[in-house]
Amino acid sequence: MARKALIEKWKKEPKYSTRAYTRCRICGRPHAVLKKYGICR
Numbered sequence: 023m024a025r026k027a028l029i030e031k032w033k034k035e036p037k038y039s040t041r042a043y044t045r046c047r048i049c050g051r052p053h054a055v056l057k058k059y060g061i062c063r
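Using my numbering, the first residue of the sequence shown is number 23, and each one after it goes up by one.
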């Protein structure tokens, strides 16, 4: 599980579009996220 602070930070609209990244909608994992489903492996 990701820290709550990092999940809240990810939810906010980034100042620059290149700062956006995918994160699992269930556990908050930043890597190995399947874009089609929005969840991690």
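Just so it is clear, CB atoms sit at the ideal spot from N, CA and C, and this is done for glycine as well.
In chain order, what residues of the same chain lie with their CB nearer than 6 Å to the CB of residue i, ignoring the 5 residues before and after it?
i: residue 63; result: 54
i: residue 42; result: 36
i: residue 34; result: none
For residue i versus residue j, is the C-beta distance shorter than 7 Å?
i: residue 27; j: residue 50; result: no
i: residue 45; j: residue 36; result: no
Classify residue i as helix, strand or coil using the three-state DSSP reduction.
i: residue 48; result: coil
Short of 7 Å in beta carbon distance, which residues of its chain neighbour residue i, apart from the five on each side in sequence? Order them along the chain.
i: residue 47; result: 60, 61
i: residue 38; result: none
Can you list, in chain order, the residues of its chain whose CB lies under 8 Å from that of residue i, leaving out five sequence neighbours each side?
i: residue 56; result: 62, 63
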